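Asker: Residue numbers (this note's numbering), protein chains in the order written: chain A, 95 to 347; chain R, 32 to 313; chain D, 189 to 416. I have a structure I would like to understand better, so I am pasting it below and will then ask my questions one at a time.
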Amino acid sequence: MDNKVKMQAKKVDFFYGKNQALKNINLDVYLNRVTAMIGPSGCGKSTFIRLFNRMNELVPHTSLRGRISLDGQDINDPSVDAVDIRRRIGMVFQKPNPFPKSIFENISYGLKVNGIKDKAFIEQKVEDSLKKAVIWDEVKDRLGDSALRLSGGQQQRLCIARCLAVETEVILFDEPCASLDPISTAKIEELILELKKDYSIVIVTHNMQQAARVSDYTGFFLLGELIEFGKTQDIFTAPKDKKTEAYITGRFG
Amino acid sequence: MKKSVIQNSGFFLIFLSMLTTLFFLGTIIYFVVARGAEAISWSFLTQVPRNAMTEGGVAPVIVGTFYLTLGSMIFAVPLGLACAIYICEYSPKSFVVNLIRVSINNLAGVPSVVFGLFGLAVFVNFMGFGVSILSGSLTLGILALPLIISASQEALMAVPHSIREASLSLGASKWETIKRIVLPTALPGILTGVILSVGRVAGETAPILFTAAAFYKRGYPKSIFGEVMALPYHIYALMTEGTHPDQQRVIAYGCSLVLLILVLFISGFAILLRQRQRSWHG
Amino acid sequence: MERHFDTELADLKCGILKMGDLVEEAIIDSVGALKELNKARAERVITEDKVIDECELKIDEECLDLLALRQPMAVDLRFITMAMKISTDLERMADLAVDISQRVLELADRPPLLKPLVDIPKLTLLAQRMTRDVISSFINKDVDLARQVILCDREADDLRNLVQQELLHDYISKNKANISRAIPLLLVARHLERICDHATNIAEDVIYMVEAKVVKHHIEKLGQEGQA
């Protein structure tokens with residue numbers, strides 16, 4: 095298995111005011127692989143994933159040191175537009191957050207803000223995205239209904255479809271199943287495994303079994319540091335660091 | 032045993048308070064309807080006052096109130112909304128913003144007659160608009176501004192942070208996010224605030240006392256620089272001036288009923304809007 | 189942090205320890221029976237084997253339950269899966285003790301012994317020691333001891349070959365009549381060597397369990413490591 099680096103974090107430090115939230119993180123995200131980040135609450139994993147699409151710069155009084163690159167290009171370079179980065183790097187959030195609009199408008203929104211006006215193209219794209227997110231059959235007869243009427247699991251798949259429509263290259267999942275039941279969770283996990291054929295995926299999860307099931311690489315975060323990063327099967331059968339082992343076997347604390 | 036006694040007596044007191052409130056509301060409505068109903072007729076609503084306001088209808092008065100209210104909203108809604116967007120979406124959370132918030136809240140607490148005096152000084156005299164629909168509308172607009180700002184602010188803040196993030200994460204700019212996601216989502220809430228302030232503005236007397244209202248004016252208002260008759264002031268005038276108090280009183284109650292129905296109608300519309308918003312949000 | 193799971197793991201460990209004791213006893217009894225040509229002792233080993241079989245089933249069931257219910261990770265996962273493999277090896281060792289006992293019964297029917305036992309007792313001692321050591325290495329997570337066990341395996345092979353050659357050259361090829369008394373001895377040596385093989389397997393599992401290193405089929409490397 096050849097691994098091509100899609101995104102790379104190098105010597106990343108991140109601060110909320112004077113509090114250092116991330117310390118010297120070095121991590122590669124590989125093309126067409128699923129990279130999982132695990133760790134206890136407040137370990138910085140969510141903060142870290144939000145650096146990949148520059149969402150943290152919306153939070154006041156934060157600062158970043160180090161370099162995060164996409165296909166070798168520094169995404170924080172002054173010449174790079176955050177809007178452009180966010181189009182190429184989609185994000186699925188902890189709680190399903192569809193817009194209070196129709197199912198169709200939820201998907202077409204991303205296309206419209208990116209300046210696409212061709213109606214036929216938009217319709218085709220909406221259908222393709224919903225199909226790719228395996229929700230088309232459930233919603234094809236009610237595209238005009240409010241997206242808020244869908245179940246939690248369906249809403250989350252709709253949010254994934256929304257990302258896919260803008261032809262994102264990387265998808266960041268920030269605890270995507272935290273508020274879903276096991277069946278919906280299983281569907282999302284299947285979807286992630288399917289999507290990695292075409293996308294590079296980063297997932298933050300509290301559920302270690304989930305990380306084990308869906309990811310190819312796993313990073314363990316603790317108190318803002320990346321303690322261990324490696325192939326998922328190695329992390330879960332034979333972690334090198336005692337702290338990683340304590341965490342994944344539940345001996346933590 | 033003892034706990035349940037305390038609880039039941041507590042509930043009883045609360046129930047009693049509710050009944051008292053309903054009693055006053057009912058009494059007011061009954062009082063106004065009972066006295067005003069005899070004045071109400073088709074001609075009352077459509078004709079001009081006649082015979083030193085002892086006969087005829089109050090159509091120009093209703094129209095005047097309508098113009099004043101509309102004018103105040105044209106002025107206050109865009110300004111208030113822009114202000115709310117600035118405070119909620121753009122301004123960094125700082126001392127200055129807090130100051131602005133406090134000022135707006137204080138503005139809401141200023142007595143309406145003070146607004147009237149302000150209108151007289153600034154719009155009527157300083158700006159030279161004279162006693163006119165324009166001056167009255169601007170004064171009422173300033174009165175409505177804090178209401179509209181705080182209602183809009185609340186509506187904007189009620190838009191979940193998560194859907195703003197969703198929009199930004201799809202490559203939308205901040206302005207696009209506000210325009211296409213935040214405002215449409217907040218719109219029912221904003222409209223509710225606007226309509227409620229319409230109800231408030233329509234019933235105000237003091238701000239138009241010195242700035243717009245005329246005791247008696249022949250026919251319909253012709254220009255925004257002209258004086259105008261308006262329902263609340265008309266009621267006041269009928270009860271305090273004129274030469275035929277008995278006939279005038281009947282007309283005053285009629286006007287009160289019209290004003291009451293107008294305001295209730297507007298509030299009802301606001302409630303309806305809010306409900307529609309809730310059902311859409313599932 | 190103390191976990192309830194730890195108690196369950198400790199129980200599992202106890203089960204393995206108990207089974208290991210029984211297996212060790214079975215081996216001692218079977219070779220003891222050989223020395224004494226004691227039929228009663230040999231038969232006891234054969235009947236006692238049932239207890240060990242039950243132990244294996246119980247341990248496997250416990251392991252499966254823990255895997256299904258606790259979804260163990262890392263060191264716990266390695267411990268439980270290795271416990272399953274170790275119980276299988278222990279059970280095979282007990283079976284070999286039974287096989288030795290059966291050979292004893294055959295020999296006891298045609299006394300006396302073909303020759304005085306020289307190398308077989310050495311092999312016996314080695315098998316016993318390896319069994320004891322490997323169980324203690326599992327219990328104490330003692331990888332050094334486990335490595336020594338693995339290195340002993342070659343010695344066991346050598347001893348077996350010695351016995352085999354002696355019997356073939358000095359007895360069987362000289363007098364065909366010796367065959368019926370030589371073959372059981374030959375087989376005993378073979379069984380003992382197999383016991384050592386299983387002990388080696390367990391030792392390899394212990395090393396994987398503790399260090400997450402696969403040492404199976406890499407015995408040369410291990411020797412170097414041992415010296416280093």
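Each residue gets a CB set at the ideal place from its N, CA and C atoms; glycine is no exception. For clarity, every value in this text was computed on a predicted model and none was experimentally measured.
For D:Met261, go through chain A and note every residue whose CB falls closer than 7 Å to its CB, in chain order.
Answerer: Here the question's residue 261 of chain D lines up with position 73 in the third sequence. What D:Met261 touches in chain A: Met302, Phe330, Ile342, Thr343.
Asker: Tell me the start and end of each unbroken alpha helix (DSSP H) in the segment 130-204 of chain R that is at least 4 residues and wholly inside, in chain order.
Answerer: Counting only runs of 4 or more, we get 143-150, 164-189, 192-200.
Asker: How should A:Thr343 be labelled, buried or exposed, when 16 other C-beta atoms within 10 angstroms of its C-beta is the threshold for buried?
Answerer: Here residue 343 of chain A corresponds to residue number 249 of the first sequence, with the count starting at 1. Answer is buried; the Cβ neighbour count reaches 16.
Asker: Using a cut-off of 7 Å between C-beta atoms, extract the partners of A:Val212 located in chain R.
Answerer: Counted from its first residue, the first sequence places residue 212 of chain A at position 118. Checking the sequence, you will find Asp at residue 212 of chain A rather than Val. Those within 7 Å of A:Asp212 in chain R number zero; the least Cβ separation is about 18 Å.
Asker: Taking DSSP as the reference, what is the three-state secondary structure of A:Ile169?
Answerer: Here residue 169 of chain A refers to the residue found at position 75 of the first sequence. Coil.
Asker: Please classify A:Met185: does DSSP put it in a helix, a strand, or coil?
Answerer: Counting from one through the first sequence, the residue named residue 185 of chain A turns up at place 91. Here A:Met185 sits in strand by DSSP.
Asker: Does D:Cys202 pass the burial test, meaning 16 or more other C-beta atoms within 10 Å, or should it be called exposed?
Answerer: One-based indexing of the third sequence puts residue 202 of chain D at position 14. By the 10 Å Cβ count, D:Cys202 comes out exposed.
Asker: Below 8 Å on the Cβ atoms is my contact criterion, and I expect R:Asn301 with R:Ile179 to pass it. Report the Cβ-Cβ distance as a whole number of Å.
Answerer: The count along the second sequence starts at 1 and reaches residue 301 of chain R at position 270. The count along the second sequence starts at 1 and reaches residue 179 of chain R at position 148. The sequence as given places Ala at residue 301 of chain R; Asn does not occur at that position. About 13 Å; that fails the 8 Å criterion.
Asker: Buried or exposed for D:Ser218, going by 16 or more other Cβ atoms inside 10 Å?
Answerer: Here residue 218 of chain D corresponds to residue number 30 of the third sequence, with the count starting at 1. Answer is buried; the Cβ neighbour count reaches 16.
Asker: Does the separation of the CB atoms of R:Gly234 and R:Pro215 fall below 8 Å?
Answerer: Numbered from its first residue, the second sequence carries residue 234 of chain R at position 203. Numbered from its first residue, the second sequence carries residue 215 of chain R at position 184. No, these two residues do not count as a Cβ contact at 8 Å.
Asker: Mind checking D:Arg191: buried by the 16 CB within 10 Å criterion, or exposed?
Answerer: Numbered from 1 along the third sequence, position 3 holds the residue referred to as residue 191 of chain D. Exposed: under 16 other Cβ atoms inside 10 Å.
Asker: Quick one: is R:Tyr121 buried, meaning 16 or more other Cβ sit within 10 Å of its Cβ, or exposed?
Answerer: Sequence index remark: in the second sequence, residue 121 of chain R carries index 90 (1-based). Exposed.
Asker: Just the Cα atoms here: how many angstroms apart are A:Ile132 and A:Leu121?
Answerer: Numbered from 1 along the first sequence, position 38 holds the residue referred to as residue 132 of chain A. Numbered from 1 along the first sequence, position 27 holds the residue referred to as residue 121 of chain A. Those two C-alpha atoms are separated by around 13 Å.
Asker: Would a check of beta-carbon distances place A:Gly184 closer than 8 Å to chain R?
Answerer: For this step, residue 184 of chain A is matched to residue 90 along the first sequence. For A:Gly184, the answer is yes, since a Cβ of chain R falls inside 8 Å of its Cβ.
Asker: For D:Leu333, which residues from the same chain have a beta carbon less than 7 Å from its beta carbon, with the 5 sequence-adjacent residues on both sides left out?
Answerer: Along the third sequence, one-based indexing puts residue 333 of chain D at 145. These residues qualify, in order along the chain: Asp321, Ser324, Ser325.
Asker: Where do the N-terminal and C-terminal ends of the beta strand (DSSP E) with A:Ser157 fall, by residue?
Answerer: The residue you call residue 157 of chain A lines up with position 63 of the first sequence. Residues 156-164.
Asker: Spatial neighbours of A:Pro194 within its chain, please: C-beta separation below 8 Å, excluding the five flanking residues on both sides.
Answerer: For this step, residue 194 of chain A is matched to residue 100 along the first sequence. Excluding residues within five positions, the ones whose Cβ falls inside 8 Å are Ser240, Ala241, Leu242.
Asker: Closest to A:Arg148 by C-alpha separation, out of A:Met185, A:Ile321, A:Val123, would be which residue?
Answerer: Counting from 1 along the first sequence, the entry for residue 148 of chain A is found at position 54. The shortest C-alpha separation from A:Arg148 is found at A:Met185.
Asker: Which of helix, strand or coil does DSSP assign to A:Lys117?
Answerer: Counting from one through the first sequence, the residue named residue 117 of chain A turns up at place 23. Here A:Lys117 sits in strand by DSSP.
Asker: If distances are taken between C-alpha atoms only, which option among A:Val99, A:Arg181, A:Gln114 comes closest to A:Asp165?
Answerer: Reading the first sequence from its first residue, position 71 is the one you call residue 165 of chain A. Checking every option, the nearest Cα to that of A:Asp165 belongs to A:Val99.
Asker: Determine which residues share a DSSP beta bridge with R:Gly87 and list them.
Answerer: Position 56 of the second sequence, counted from the start, is the residue given in the question as residue 87 of chain R. For R:Gly87, which the question treats as bridged, DSSP gives the partners R:Pro80.
Asker: Is A:Ser294 helix, strand or coil by DSSP?
Answerer: Taking the first residue of the first sequence as 1, we reach residue 294 of chain A at position 200. Three-state result, A:Ser294: strand.
Asker: Is A:Asn191 close to chain R, meaning its C-beta is less than 8 Å from at least one C-beta of that chain?
Answerer: Translated into positions along the first sequence, residue 191 of chain A becomes position 97. True, the Cβ-Cβ gap to chain R drops below 8 Å.
Asker: Between A:Arg181, A:Leu158, A:Lys291, which has its C-alpha nearest R:Gly202's C-alpha?
Answerer: The residue given as residue 202 of chain R occupies position 171 in the second sequence. Nearest C-alpha to R:Gly202: A:Arg181.
Asker: Return the chain-ordered list of same chain residues with a C-beta closer than 7 Å to the C-beta of R:Ser163, the five sequence neighbours on each side being excluded.
Answerer: Position 132 of the second sequence, counted from the first residue, corresponds to residue 163 of chain R. Closer than 7 Å at Cβ, skipping near neighbours: Ala243, Ile255, Phe256, Gly257, Glu258.
Asker: Would you identify the three-state DSSP class for R:Gly313, choosing helix, strand or coil?
Answerer: Indexing the second sequence from 1 puts residue 313 of chain R at position 282. Here the model assigns R:Gly313 a pLDDT of 42, short of 50, so the residue's position is not dependable and the matter cannot be decided.
Asker: From the DSSP output, in three-state form, read off D:Ala416 for me.
Answerer: Your numbering for residue 416 of chain D matches position 228 in the third sequence. With a pLDDT of only 38 at D:Ala416, under the threshold of 50, the placement of this residue in the model should not be trusted; the figure read from the coordinates follows. Correct three-state label for D:Ala416: coil.
Asker: Would the beta-carbon of D:Cys384 fall within 8 Å of that of D:Leu314?
Answerer: As a first step, residue 384 of chain D must be located in the third sequence, where it is residue number 196. As a first step, residue 314 of chain D must be located in the third sequence, where it is residue number 126. A contact, by the Cβ cut-off of 8 Å.
Asker: Considering only residues of the same chain and omitting the five flanking positions on each side of A:Asp335, which have a CB-CB separation below 6 Å?
Answerer: Position 241 of the first sequence, counting from 1, holds the residue named residue 335 of chain A. Hits under 6 Å: Ile321, Glu322.
Asker: Using the Cβ count rule (16 or more neighbours within 10 Å means buried), how would you classify A:Leu214?
Answerer: Looking up residue 214 of chain A in the first sequence gives position 120. The sequence shown places Ala at residue 214 of chain A, rather than the Leu named in the question. A:Ala214 is exposed by the Cβ-count criterion.
Asker: I'd like to know if A:Cys271 contacts chain R, where contact means its C-beta is closer than 8 Å to some C-beta of that chain.
Answerer: By one-based count along the first sequence, residue 271 of chain A stands at place 177. No, A:Cys271 does not count as interfacial toward chain R.
Asker: Is A:Asn150 close to chain R, meaning its C-beta is less than 8 Å from at least one C-beta of that chain?
Answerer: Translated into positions along the first sequence, residue 150 of chain A becomes position 56. So no, A:Asn150 is outside the interface.
Asker: Along chain R, in chain order, which residues have C-beta atoms closer than 7 Å to that of A:Asn147?
Answerer: Locating residue 147 of chain A in the first sequence gives position 53, where the first residue counts as 1. The answer, in chain order, is Ser200.
Asker: Give every residue of the same chain whose Cβ lies closer than 6 Å to the Cβ of A:Asn150, excluding the five residues on either side of it in the sequence, and list them in chain order.
Answerer: The residue you call residue 150 of chain A lines up with position 56 of the first sequence. Contacts found: Arg144, Thr156.
Asker: When we look at the beta-carbon of R:Tyr321 and count the other beta-carbons within 10 Å, is it buried (16 or more) or exposed?
Answerer: Nothing about residue 321 of chain R can be read from this structure; chain R reaches only from 32 to 313.
Asker: At what residue ranges does the segment 260-304 of chain A contain a whole run of the alpha helix (DSSP H), taking only runs of 4 or more?
Answerer: Taking only runs of at least 4 residues, the alpha helix (DSSP H) segments lying wholly in the segment 260-304 of chain A are 276-289.
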